[in-house]
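Okay, so here's the structure we're looking at.
Numbering (this note's numbering), first residue to last: 710 to 1365.
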């Protein structure tokens, strides 16, 4: 949602807010653990041997243990850092109480999530921080693992081998609780796996278990963040006893009016459309999409609030809204606003009126926290469903982070939110979407797609906990942009963020000199291991060595100013020309350019051609709402870290 801020202030910004199993896996010697940059207190990450040992100790089939760990963390330990919901280690043992106590606090950016000049800015109050006693059991599994294993909680947090033992103990305890034997056959553990998810409804628990068994059937192998090679051989013929889900005693989720793919667990928890005096109302707008307007964008947010707090906020009519919330621990989805209606989430009314907003659970942890594989997978399924339903291209100019949405006017640029930030793994996300970022041109292509190796690419960021202090080393999908092909060259400037001309920084919330995975830019030059791109009206250099590339060559349509024009204006929204409002009672919306210029000789990658549109919806009675559509067309371009709009009449289109 907003800038990476505290739960209480950022929550509302979202609207802007075996005794040896017969199935023992081979032990691999994958070399020493890579520990560079890790805190000294964090134990070296265990190899595959740790999974085999824990499986034998607690009589859990090794394939089940590895399958669950993969769905939780992809076998990564994250250097002992907690996930966005306070989960630690490969098994994602949750200790939200500790994460809460250690959490930094940030002020909100002040973004108006509705982003429409026709109404007063919508702001939110503070959500309040939950007490540890209020945290649900799914956020306190590490405490129970400590009781089952006899290991100190601190050790379960920092030592991956201990963490794996804790996860195995929880699985064995779940199997016993269901009255089932500690069978060496992985197919007999379906109910325990479903229970491990922490889900409180049957559909989510079974969806989680189905995903684990899909991993077991297909197998997985990867090198973890510690440099260890882990292999789970596939077991194609395994058929778990899915009837065990009936013994879980979980509730049946309310599906209601949900619009979700069948491959996810989805619940209907509606956001209210209510009037509450003085002409004010909330917390979204009625519409008739796609008949009234096309749905062109999907916007990815994170919440920085607990799941329970997030649901309370979106059901408050005086708050703001988004279409879907996604839970971190198990990937459960709640839908709040019908897709035909406009939610208030992106801080830009033009984008809001033509988008779907997805909020991903995360709370109170530093921005170097991580997201679970379960949530990535269900989110990707939802995005694929939405893209097919509305014909939305699966690329980074249509699937946006909140941090890629432009400010509507110059005054709003500095308040725009920066989530999900540089630690969201766009490369993995698009692999799950079936659209991996691969080369589409030869070595001299005129366009590049940013694509660093997420795990190995760990640029320095500051301000995760305290301003100016380095963040913990962490994989990132973003590259930093310089004014010259040298590491010590100044970063490029963003005059919208800093009108006084101050330098961009390496702050985790500073998007002024940042290009993110999947974004495409026109090449402006090459110099040895460095590549220059056109960015915010200037040439911007990033390190892109052949031995370890951070971008791949691509082919795309680009645009440049029309012949004879030295510069053309850039906009944060694609509103119609004044003549389009003639004969209506709708006030003319100003075509206010941003402080940037697209200069002659520069080229920018085109994402789409869009009509000039404005959705007039300033009052509760939707009968007076209407769409104003003009003759002027716009191109959406990858102009900086955020997209922008230019008039089609001001530019000419070229191939790269």
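Even for Gly, the Cβ is constructed at its ideal location relative to N, Cα and C.
Which residue wins for smallest C-alpha separation from residue i, given the options the options?
i, options, result
"residue 950", "766, 894, 987 and 935", "894"
"residue 1179", "1189, 1186, 1168 and 1187", "1168"
"residue 930", "778, 1115 and 1018", "778"
"residue 958", "900, 1350 and 1171", "900"
"residue 1192", "1252, 1143, 1175 and 1137", "1252"
"residue 1098", "1071, 1007, 1292 and 1052", "1007"
"residue 1092", "1035, 807 and 1051", "1035"
"residue 1144", "1123, 1160, 1130 and 1129", "1160"
"residue 1012", "1188, 1164, 971 and 1054", "1054"
"residue 1330", "964, 989, 857 and 882", "989"
"residue 1359", "1199, 1277, 1325 and 907", "1277"
For the beta strand (DSSP E) containing residue i, list its first residue and its last residue.
i, result
"residue 1251", "1247-1252"
"residue 1308", "1302-1308"
"residue 1269", "1266-1270"
"residue 1278", "1276-1280"
"residue 1239", "1239-1244"
"residue 1225", "1223-1225"
"residue 1340", "1335-1347"
"residue 976", "975-977"
"residue 1354", "1352-1356"
"residue 1230", "1229-1236"
"residue 947", "Per DSSP, residue 947 belongs to no beta strand (DSSP E) and is neither H nor E."
"residue 1364", "1360-1364"
"residue 941", "938-941"
Taking the continuous alpha helix (DSSP H) assigned at residue i, which residues delimit it?
i, result
"residue 758", "757-767"
"residue 959", "Segment: none, residue 959 is in no alpha helix (DSSP H) and carries neither H nor E."
"residue 920", "911-927"
"residue 872", "869-886"
"residue 781", "771-782"
"residue 900", "899-905"
"residue 1325", "Careful: residue 1325 lies outside any alpha helix (DSSP H), inside the beta strand (DSSP E) at 1313-1325."
"residue 857", "850-858"
"residue 1138", "1135-1141"
Whose C-beta lies closer than 6 Å to the C-beta of residue i among residues of the same chain, with five residues either side of it excluded?
i, result
"residue 785", "933 and 934"
"residue 1241", "1233, 1234, 1248 and 1250"
"residue 991", "1026 and 1027"
"residue 748", "Bear in mind that a pLDDT of 38 at residue 748, under 50, signals an unreliable position, so the model cannot answer this."
"residue 1368", "Since the first and last residues shown for the chain are 710 and 1365, residue 1368 lies out of range."
"residue 850", "802 and 803"
"residue 1110", "1009 and 1129"
"residue 887", "900 and 956"
"residue 1216", "1171 and 1172"
"residue 1067", "1009 and 1033"
Using a Cβ-Cβ cut-off of 8 Å (strictly less than) and excluding sequence neighbours within five positions of residue i, which residues of its own chain qualify?
i, result
"residue 1322", "1002, 1059, 1062, 1063, 1283, 1284, 1285, 1336, 1337, 1338 and 1339"
"residue 1266", "1314, 1315, 1362, 1363, 1364 and 1365"
"residue 736", "Caution is warranted here: a pLDDT of 32 is assigned to residue 736, below 50, making its placement in the model unreliable, and no coordinate value can be reported."
"residue 1045", "978, 979, 980, 1023, 1024, 1030, 1031, 1032, 1033, 1034 and 1052"
"residue 855", "861, 862, 865 and 875"
Please list, in chain order, all residues of the same chain as residue i whose beta carbon is under 7 Å from its beta carbon, the five residues on each side excluded.
i, result
"residue 982", "993 and 995"
"residue 1243", "1230, 1231, 1233, 1311, 1312 and 1313"
"residue 733", "Reliability fails at residue 733, whose pLDDT of 32 lies under 50, so the model's placement of it is uncertain and the value that follows must be treated cautiously. Within the same chain, residue 733 has close Cβ partners 761 and 771."
"residue 897", "889 and 950"
"residue 848", "794, 795, 803 and 805"
"residue 787", "934 and 1079"
"residue 1357", "1318, 1342, 1343 and 1344"
"residue 1134", "1163 and 1186"
"residue 921", "776, 777, 780 and 902"
"residue 1118", "1281 and 1301"
"residue 1087", "973, 1035, 1040 and 1042"
Does any heavy atom of the ligand NAP sit closer than 7 Å to the C-beta of residue i?
i, result
"residue 1047", "Of ligands this structure carries none, so the ligand NAP is not represented either."
At least 3 beta-carbon pairs within less than 8 Å: the stretch 1023-1031 vs the stretch 1079-1096: The stretch 1079-1096 and the stretch 1023-1031 do not touch, with fewer than three beta-carbon pairs separated by less than 8 Å.
Touch test, the stretch 1092-1103 against the stretch 1154-1164, Cβ-Cβ under 8 Å, three pairs minimum: Flag = no, the stretch 1092-1103 and the stretch 1154-1164 do not touch.
Complete beta strand (DSSP E) runs within the stretch 1088-1116 (minimum length 3 residues, chain order): Correct list: 1108-1110.
Continuous alpha helix (DSSP H) assignments of at least 4 residues falling wholly in the stretch 993-1067: Taking only runs of at least 4 residues, the alpha helix (DSSP H) segments lying wholly in the stretch 993-1067 are 1016-1023 and 1058-1062.
Length at least 3, wholly inside the stretch 1148-1193: the beta strand (DSSP E) runs in chain order: Runs found: 1156-1159 and 1187-1189.
Any 3 or more C-beta pairs closer than 8 Å across the stretch 1134-1150 and the stretch 1344-1364: Touching, no, given that fewer than three Cβ pairs across the two stretches are closer than 8 Å.
Touching by the beta-carbon criterion (3+ pairs, under 8 Å), the stretch 1036-1046 and the stretch 911-930: Touching, yes, given that three or more Cβ pairs across the two stretches are closer than 8 Å.
Sufficient close CB pairs (3 or more, under 8 Å) joining the stretch 862-875 to the stretch 798-806: With a cut-off of 8 Å, the stretch 798-806 and the stretch 862-875 count as touching, because enough Cβ pairs lie within range.
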